[in-house]
Each structure stands twice: as structure tokens, then as C-alpha cells.
Amino acid sequence: MDKVNTTSEVAATSDFFETWISDEVLLVITVVNYVILSGTISFLGVIFNIVNVAIFVKLGFSDTTNISFLSLSLADGGVVLMLVGYSILYNPLVVEAVSIMEVIKSVSYIVFGWPYACFSRVAGCMTAFITVERFLCVSAPLKVKAIITRSRTITMAVTCFFVLFASIIPVFISSSLGMKFDPIYNQTHVGLMFTNNAASLQEISLTFNVVVQLGVFCIVVVFTVALIRSFVRKTEWRSAATKQSNVRENKMIKMVILISVVFIILSIPGVVATFLMMFIPEYNIAGRYRNIYIASFSTFFPIGAINSTVNFFIFLDMSTKYRQMFLTMFNLKSWKPKEKKIVQRQIYKDSPKNSKQEK
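With full-length UniProt numbering applied, the sequence shown corresponds to residues 1 to 359, in that order.
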């Protein structure tokens with residue numbers, strides 16, 4: 001009798017979560033998160049990351065950090081671009097025109113969902129690489145230039161993009177958009193079509209992305225803590241003779257620490273969702289709890305948009321070279337006039353054209 005009661009309670013709980021968020025409630029949640037919050041932030045994020053890319057290209061690639069920040073900006077740009085796609089798709093006008101929510105869910109999943117995940121993982125990998133690079137600059141300053149070279153940095157960035165996008169090939173092999181009959185609406189409409197081995201193939205992509213996400217998160221946490229400890233320790237014994245040269249280095253370290261800390265804080269919800277997907281089999285796009293899955297992930301999108309947009313303000317506030325180049329590009333006056341001449345000399349010194357002349 002107890003077993004029967006327990007089974008009934010579990011079934012009732014399962015049914016509750018299955019119907020907890022109706023399609024109507026889901027529409028309201030997704031409109032707020034995708035269109036209003038994520039859409040607005042992501043639109044600005046696209047603009048800001050375009051500015052980031054333009055500035056780091058102009059600053060040149062003599063410094064490996066510029067290459068890393070450029071790669072991070074490209075990945076962040078991809079993230080917010082996918083989120084703009086979501087915001088358009090879930091716009092009430094589009095939803096009303098389509099009239100069938102299943103179509104919106106299917107298209108968003110296959111067209112924007114997985115590419116968004118890939119760009120997010122690339123951004124995470126580049127954040128981890130930047131954190132490790134800066135840790136080596138503090139802990140092994142004499143060896144870092146031999147370890148982190150320009151060619152290795154470029155190879156690392158290209159490999160991240162290639163491997164992570166290759167990892168979702170099984171998803172597109174096993175699922176696609178097609179015409180399917182829906183008994184609920186009693187009509188044929190666009191929907192997700194799965195092959196017989198879709199579950200096993202998609203498990204490959206999901207597992208790989210989960211491993212990358214959790215691995216990158218752990219790396220950033222560990223090396224951020226190590227970087228902070230090394231930075232605090234080294235600042236205690238640095239002599240006054242090297243104080244001026246250390247000012248720029250200290251600002252760079254503080255900037256990387258801030259970028260890493262922001263990444264850690266804003267990545268926590270996504271990590272939690274990943275564990276839910278691992279331990280609750282029905283918590284996915286095709287499972288019984290698909291509405292909860294979509295609703296919860298929609299709340300992570302504004303967070304992801306912030307994570308991929310905020311670096312612009314960090315660069316602008318903490319990087320003297322970036323700020324000066326930004327002001328020059330848009331013909332704005334510096335609010336820190338004392339640094340203007342110093343930065344102009346440094347930009348000229350680091351420019352590729354001047355480097356060739358010196359050689």
C-alpha cells in the first residue's frame with residue numbers, strides 16, 4: 001500500500017511539473033526574457049562587440065593579449081547575435097503571424113540554440129586562456145613570452161572555434177526542420193524531425209559541451225584565485241624603481257581579474273542548468289518538462305547577454321590603449337587628458353607599420 005501511495009505521489013509531482021508552465025505562461029516568460037531584456041541588451045551587445053573588434057584590430061597583433069581579446073569579442077559578438085535572433089523570433093508580432101508555438105520552439109532550438117551554445121563555450125575558453133596567460137605573466141614573467149607566442153595564441157583561438165562548432169555536427173545530422181503533422185492543431189506545420197539514432201548522436205554533442213562548460217568554469221575559478229593570490233603577493237615586494245612600468249601591468253591584471261570574476265558569477269546559473277540536464281532526463285527540448293526547460297533557459301539568456309556585453313565597459317574603463325583608440329575613432333575628447341600623450345606614443349610604438357620600420 002505504501003509503495004502504491006509513493007508511486008502515486010511521484011506521478012502527481014511529475015504531472016504537476018509537466019503542466020506547471022502552460023504554453024500561454026511560457027509565451028509571456030519568453031517574451032519578457034527574449035524580447036524585452038535579452039533583445040535590448042543583445043542589440044547593444046552587437047554594437048559594442050563590433051566596436052571591440054574594430055579597436056583590437058587597430059591596436060595590432062604585436063601583443064598576444066590583443067589577439068585573445070579580439071577572439072573573445074568575436075565569440076561574444078556571436079552570442080549576442082544569436083540572442084538577437086531569439087528576440088526577433090519570440091516577438092509577439094512574429095508569434096501572432098506564425099500562430100503555432102511549436103514552430104517557434106523548433107526553429108529557435110535548431111537555428112539559434114546550438115550556435116549560441118557554441119559561441120558561449122568559445123567565449124568561456126578564451127576567458128580561461130586569458131586568465132591563464134595573465135597568471136603566467138605574474139608567476140613566470142621571464143618565461144611567458146616563450147610559452148604564449150603570437151602563433152600559439154592564434155592557433156588556440158582558431159582551434160576553439162573549429163572544435164566547438166564541429167562538436168554540434170551530430171545535432172544537425174540527427175535533427176532538422178521539416179513538415180510534420182500535429183494532432184493538437186490538426187494540421188501540418190514546420191517542426192523538429194529526428195532520426196532514429198537522434199538521442200545517441202545528440203548525447204555526444206551535449207556531453208562534449210557539458211564537459212567543456214564545466215571544465216572551463218573550473219579553470220577560470222582556479223586560475224582567477226591563483227592570479228589574485230600571486231598578484232597580491234608580488235605587489236608587496238615590488239621596488240619603487242619599477243613602479244612606473246608596473247602600473248600598466250597592474251591595470252591589465254586587475255582588468256583580467258574583473259573579466260574573470262564577472263564570467264564566474266554570470267556562469268553559475270548556466271552551470272546549475274547543466275547539472276539539471278544531466279540528472280533529470282526529461283529536462284530537455286523534447287522531454288516532458290520542455291516548457292520548464294525553455295522557460296528556465298530563457299532567464300539565462302539576459303544573463304548571457306550581460307556577460308557578452310559588459311566587457312566593452314571593462315575595456316573602456318580599465319584599458320588606457322583601448323580607451324584612447326575609442327576616443328580617437330569617434331572623435332571624442334579624453335576625460336583623462338594626462339594619459340593622452342603617453343597612449344599616443346605607445347600606440348605608435350606598437351603599430352605594425354612602425355614595428356617594420358624599426359626592424
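Beta carbons are placed, not taken as given, at the ideal position from N, Cα and C, and that holds for glycine.
Query	Result
Can you tell me the Cα-Cα spacing of Asn186 and Tyr86, whole angstroms?	27 Å
How far does the alpha helix (DSSP H) with Lys145 in it reach, from first residue to last?	Val144 to Ile147
In the DSSP output, which residue or residues are listed as bridge partners for Thr159?	Answer by DSSP bridge pairing: none, since Thr159 is not bridged.
Residues in its own chain within less than 7 Å of Ile228 by CB, not counting five upstream and five downstream?	Ile257
Looking at the unbroken alpha helix (DSSP H) that takes in Ser87, where does it start and where does it end?	Thr64 to Leu89
Kindly identify the DSSP beta-bridge partner or partners of Asp182.	Gln187
Please state whether DSSP places Leu192 in a helix, a strand or coil.	strand
With C-beta atoms as the reference, is Thr188 less than 9 Å away from Phe194?	no
How long is the line joining the alpha carbons of Ala241 and Val220, rounded to whole angstroms?	Confidence in Ala241 is poor, its pLDDT being 46 and thus under 50, which makes the residue's placement too unreliable to answer from.
What are the partner residues of Leu177, as DSSP defines its beta bridges?	Leu192
Just the C-alpha distance for Arg152 and Tyr289, rounded to the nearest angstrom, thanks.	44 Å
Closer than 6 Å by C-beta to Gly124: which residues in its own chain qualify, once you throw out the five before and the five after it? Chain order, please.	Val216
Got a sec? Which residues, its chain only, sit under 6 Å from Thr212 by beta carbon, not counting five neighbours each side?	Checking the sequence, you will find Val at residue 212 rather than Thr. Result list for Val212: Arg121, in chain order.
On the criterion of 16 or more Cβ atoms from any shown chain inside 10 Å, does Lys321 qualify as buried, or is it exposed?	buried
Ignore the nearest five residues each way along the sequence and tell me which others in Asp2's own chain have a CB closer than 6 Å to its CB.	Since pLDDT at Asp2 reaches only 45, below the 50 mark, its modelled position is unreliable, and the value read off the structure follows with that caveat. Here the set comprises nothing.
On the criterion of 16 or more Cβ atoms from any shown chain inside 10 Å, does Met278 qualify as buried, or is it exposed?	exposed
From what residue to what residue does the alpha helix (DSSP H) around Phe315 run?	Asn311 to Met318
For the structure I just gave you, are there three or more beta carbon pairs, one from the segment 60-79 and one from the segment 301-309, closer than 8 Å?	yes
Any idea if Pro170 is buried or exposed, counting beta-carbon neighbours within 10 angstroms, 16 or more meaning buried?	buried
Is Tyr322 helix, strand or coil when you go by DSSP?	helix
May I ask you to report which of helix, strand or coil DSSP gives Gly39?	helix
Just checking my contact of Phe231 with Ile264 at CB under 8 Å: how many whole Å lie between their CB atoms?	So it is not a contact: roughly 16 Å between Cβ atoms.
I need the DSSP call for Ile100, collapsed to helix, strand or coil.	coil
For Ile21, name the three-state secondary structure that DSSP assigns.	coil
Give the straight-line distance between the Cα atoms of Phe119 and Ser167, rounded to the nearest whole angstrom.	12 Å
Quick one: give me the first and last residue of the alpha helix (DSSP H) that Asn291 is part of.	Arg290 to Asn307
Alpha carbon to alpha carbon, how far is Val247 from Tyr90? Give it in angstroms, no decimals.	47 Å
Specify whether the segment 66-76 and the segment 308-320 touch according to this definition: at least 3 beta carbon pairs, one from each stretch, less than 8 Å apart.	yes
Is the distance from the Cβ of Val84 to the Cβ of Phe135 below 9 Å?	no
Please state the DSSP three-state secondary structure of Asn197.	coil
Return the chain-ordered list of same chain residues with a C-beta closer than 7 Å to the C-beta of Ser298, the five sequence neighbours on each side being excluded.	Ile29, Thr30, Asn33 and Tyr34
Between Thr131 and Thr274, is the Cβ-Cβ spacing less than 9 Å?	no
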